[in-house]
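Residue numbers (this note's numbering): 1 to 444.
If you want it as structure tokens, here you go:
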């Protein structure tokens, strides 16, 4: 039996990674790691209480706490909304409507990736859906029009991750449930950082277009005023859906869960309006929603059980005391945590990173003086990076499947946008008011 929480934490991390490498389900890996930790630790429990009884009590309470959450009800609703938009032609209409307005900006239609991903992220909440939907429409078309395929892939990879940052965000919902932070405040806090990152992407595209004329076609497509006015037929309904979902939250008329339900209703109405939805589309959307929601729910349940085990064994407290004993400044601490997340992003996908690390990391950053609301936005940036870091960068796989390019070429194209993401993280760390401005205004 082991009595030192720090030694036990190292053993548990090794066990957890061994389970993950073995391709065991993430939820099962988390629960088994917690059970093994309980069995290995020297509890010194009274004779009438067995460790098996304590494991059973913790497991039962964590499963109930994980799934009996009204906030978590928003998750399947936002997933369903994204699935409906993805499987209908609504996303195609969004891009067609944007073309006339972006053609005269340096970089031209390359900005479609940034703008379209930002808008689609605001109605889907999923980086996977955002990258796949926009990429299937833009990559081939941009190539055929004479635009740089490398810059198109890089901007898609970077902009596709905005699905996690621009609300509504699935990762923010999961973080809010696990950390007991207001999901509505998280949504509001992510707006300015998300727009800042999107703006940096666009500025970089404009810079590249100025210094390298080969990234854009020599002959630009001309759009008339009539074309611009006609584009409102495609854009207005989609902007209405965004206003419905986000406006109901920020205006205080609906909770995130209620707004998610409105989003599903709105996406169905749009599908009927555009005549792009049928029984098969709805069935596939519901089936994929159930699969994704059950998977995420199981992972959250396992994460909360592991979190309770870590608290019961004193691991979080011991690690906090150890790190405090190192005498690190808050900025040095957050730098080390950021590096840790970038490394984890090379081997794990986004949801796994959040649910496995949060029980250990969150108490430490709060003890160091960081606000959990700010850390939620910081963590979203970290898991965004995980989407475009090899070898388990999900967005890289999506773009590879769409473009047919080698992963090396995609990585080279994506690297500048990864650096821009790092710059944005530095900015919100040095100037946390970027995160707090809108939530404070809403409270005032």
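The C-beta atom is built at its ideal place from N, Cα and C for all residues, glycine as well.
**Report entry** Opposing strand residues paired with residue 41 [DSSP bridges]
**Finding:** On the chain shown, position 41 is the one that residue 41 refers to. Partner(s): 2.
Requested in this report: Using alpha carbons as the reference points, say which of 22, 171 and 138 lies closest to residue 300.
Outcome: Indexing the chain shown from 1 puts residue 300 at position 300. Comparing C-alpha distances from residue 300 to each of 22, 171 and 138 shows the shortest one belongs to 171.
Report task. Measure the alpha-carbon distance for residue 435 versus residue 41 and round it to whole angstroms. Result -> Residue 435 sits at position 435 when you count from the first residue of the chain shown. Residue 41 sits at position 41 when you count from the first residue of the chain shown. Between residue 435 and residue 41, the alpha-carbon positions lie close to 40 Å from each other.
**Report entry** For residue 198 and residue 159, believed in contact at Cβ under 8 Å, the rounded distance
**Finding:** Within the chain shown, the letter at position 159 stands for residue 159. Within the chain shown, the letter at position 198 stands for residue 198. Indeed they touch by this definition, with Cβ atoms about 7 Å apart.
Query raised in the report: DSSP on residue 417, reduced to helix/strand/coil?
Result: Taking the first residue of the chain shown as position 1, residue 417 is located at position 417. In the structure shown, residue 417 sits in a helix (DSSP, three-state: H, G or I).
Query raised in the report: What are the boundary residues of the alpha helix (DSSP H) that residue 165 is part of?
Result: Mapped onto the chain shown, residue 165 falls at position 165. Note, residue 165: premise wrong, no alpha helix (DSSP H); not H, not E.
Report task. Give me the Cα-Cα distance between residue 146 and residue 209, rounded to the nearest whole angstrom. Result -> As a working note, residue 146 is residue 146 in the chain shown. As a working note, residue 209 is residue 209 in the chain shown. So the two alpha carbons sit approximately 13 Å from each other.
Query raised in the report: Alpha carbon to alpha carbon, how far is residue 377 from residue 96?
Result: The residue you call residue 377 lines up with position 377 of the chain shown. The residue you call residue 96 lines up with position 96 of the chain shown. When rounded, the distance between both Cα atoms is 31 Å.
Requested in this report: For the alpha helix (DSSP H) holding residue 295, just list the boundary residues, first then last.
Outcome: Position 295 of the chain shown, counted from the start, is the residue given in the question as residue 295. Taken as a continuous stretch (DSSP letters only), the alpha helix (DSSP H) holding residue 295 covers 279-313.
Query raised in the report: When every heavy atom of the ligand FAD is checked, does at least one fall within less than 8 Å of the C-beta of residue 185?
Result: As far as ligands go, the structure on display features none, and thus does not contain the ligand FAD.
Requested in this report: Answer with buried or exposed for residue 492, where buried requires no fewer than 16 other C-beta atoms within 10 angstroms of its C-beta.
Outcome: Within the shown structure, residues of the chain are numbered from 1 to 444, placing residue 492 beyond reach of any answer.
Requested in this report: Have a look at residue 200 and residue 161 and give me their C-alpha separation to the nearest angstrom.
Outcome: Here residue 200 refers to the residue found at position 200 of the chain shown. Here residue 161 refers to the residue found at position 161 of the chain shown. Their Cα atoms are separated by approximately 14 Å.
Query raised in the report: Quick one: Cα of residue 183 to Cα of residue 312, how far?
Result: Residue mapping note: residue 183 aligns to position 183 of the chain shown, counting from 1. Residue mapping note: residue 312 aligns to position 312 of the chain shown, counting from 1. Spanning the alpha carbons of residue 183 and residue 312 requires a straight line of approximately 27 Å.
Report task. Compare the C-alpha of residue 173 against each of 260, 11, 278 and 357 and name the closest. Result -> Locating residue 173 in the chain shown gives position 173, where the first residue counts as 1. Distance check between residue 173 and each of 260, 11, 278 and 357 places 260 closest, using alpha-carbon atoms only.
**Report entry** Where the alpha helix (DSSP H) through residue 203 begins and ends
**Finding:** Looking up residue 203 in the chain shown gives position 203. Secondary structure note for residue 203: its alpha helix (DSSP H) is the uninterrupted segment 191-211.
Query raised in the report: Between which two residues does the alpha helix (DSSP H) carrying residue 76 extend?
Result: In the chain shown, the residue the question calls residue 76 occupies position 76. Run containing residue 76: 74-87, per the alpha helix (DSSP H) assignment.
Query raised in the report: Where does residue 280 land, buried or exposed, given buried means 16+ other C-beta within 10 angstroms?
Result: Your numbering for residue 280 matches position 280 in the chain shown. That one is exposed.
Report task. Report back the beta-carbon spacing between residue 6 and residue 319 to the nearest angstrom; my notes put them in contact at under 8 Å. Result -> Position 6 of the chain shown, counted from the first residue, corresponds to residue 6. Position 319 of the chain shown, counted from the first residue, corresponds to residue 319. Going by Cβ atoms, the distance from residue 6 to residue 319 rounds to 7 Å, so yes, they are a contact pair.
**Report entry** Beta-carbon separation (whole angstroms), residue 262 vs residue 248, contact threshold 8 Å
**Finding:** For the purposes of this step, residue 262 is taken as the residue at position 262 of the chain shown. For the purposes of this step, residue 248 is taken as the residue at position 248 of the chain shown. With a Cβ gap of about 6 Å, residue 262 and residue 248 count as contacting.
Query - DSSP three-state assignment for residue 22, whether helix, strand or coil - result: Start at 1 with the first residue of the chain shown, and residue 22 comes out as number 22. If DSSP states are grouped into helix, strand and coil, residue 22 belongs with coil.
Requested in this report: Return the CA-CA distance between residue 352 and residue 26, expressed in angstroms with no decimal places.
Outcome: Position 352 of the chain shown, counted from the first residue, corresponds to residue 352. Position 26 of the chain shown, counted from the first residue, corresponds to residue 26. Residue 26 has its alpha-carbon roughly 7 Å from the corresponding atom of residue 352.
Query - the segment 285-305 contacting the segment 75-94, beta-carbon criterion three pairs below 8 Å - result: With the cut-off at 8 Å, the segment 285-305 and the segment 75-94 touch.
Query raised in the report: If residue 337 and residue 365 are in contact, beta carbons under 8 Å, what's the gap, nearest whole angstrom?
Result: For the purposes of this step, residue 337 is identified with residue 337 of the chain shown, where counting begins at 1. For the purposes of this step, residue 365 is identified with residue 365 of the chain shown, where counting begins at 1. Confirmed, Cβ separation roughly 7 Å.
Requested in this report: Check whether the segment 67-78 touches the segment 94-111, counting contact only when three or more Cβ pairs, one atom from each stretch, lie closer than 8 Å.
Outcome: As far as the Cβ criterion goes, the segment 67-78 does not touch the segment 94-111, which means the pair count is below three.
**Report entry** Chain-order list of residues whose beta-carbon lies under 7 Å from that of residue 33 (same chain, five-residue window excluded)
**Finding:** Taking the chain shown and counting its residues from 1, the one referred to as residue 33 is at position 33. Hits under 7 Å: 12, 15, 16, 19 and 306.
Query raised in the report: Would you report the Cα separation of residue 419 and residue 4, rounded to the nearest angstrom?
Result: By 1-based counting over the chain shown, the position of residue 419 is 419. By 1-based counting over the chain shown, the position of residue 4 is 4. Rounded to whole angstroms, residue 419 to residue 4 spans 40 Å at the Cα level.
Query raised in the report: Using CA coordinates, which residue listed in 425, 437, 409 and 413 is at the minimum distance from residue 204?
Result: Against the chain shown, residue 204 aligns to sequence position 204. The shortest C-alpha separation from residue 204 is found at 413.
Report task. Give the straight-line distance between the Cα atoms of residue 329 and residue 430, rounded to the nearest whole angstrom. Result -> By one-based count along the chain shown, residue 329 stands at place 329. By one-based count along the chain shown, residue 430 stands at place 430. Between residue 329 and residue 430, the C-alpha separation is close to 14 Å.
Query - residue 233 - DSSP class collapsed to helix/strand/coil - result: Translated into the one-based positions of the chain shown, residue 233 becomes position 233. Helix at residue 233.
Query raised in the report: So what's residue 254 in DSSP terms, helix, strand or just coil?
Result: Here residue 254 refers to the residue found at position 254 of the chain shown. Three-state DSSP puts residue 254 in coil, outside helix and strand.
Query raised in the report: By how many angstroms is the C-alpha of residue 321 removed from the C-alpha of residue 496?
Result: Absent from the model: residue 496. The displayed extent of the chain is 1 to 444, so no value can be given.
Query raised in the report: Going by the CB atoms, is the gap between residue 108 and residue 315 shorter than 9 Å?
Result: Mapped onto the chain shown, residue 315 falls at position 315. Mapped onto the chain shown, residue 108 falls at position 108. No, these two residues do not count as a Cβ contact at 9 Å.
Query raised in the report: Helix, strand or coil: how does DSSP classify residue 375 here?
Result: Within the chain shown, numbered from 1, the residue matching residue 375 stands at position 375. Residue state, collapsed to three classes: helix.
Requested in this report: Answer yes or no: do residue 250 and residue 187 have a C-beta to C-beta separation smaller than 9 Å?
Outcome: The residue labelled residue 250 in the question sits at position 250 within the chain shown. The residue labelled residue 187 in the question sits at position 187 within the chain shown. Contact: yes.
**Report entry** Rounded separation between residue 214 and residue 356 - CA only
**Finding:** The sequence position of residue 214 within the chain shown is 214, counting from 1. The sequence position of residue 356 within the chain shown is 356, counting from 1. Distance between the alpha carbons of residue 214 and residue 356 is about 45 Å.
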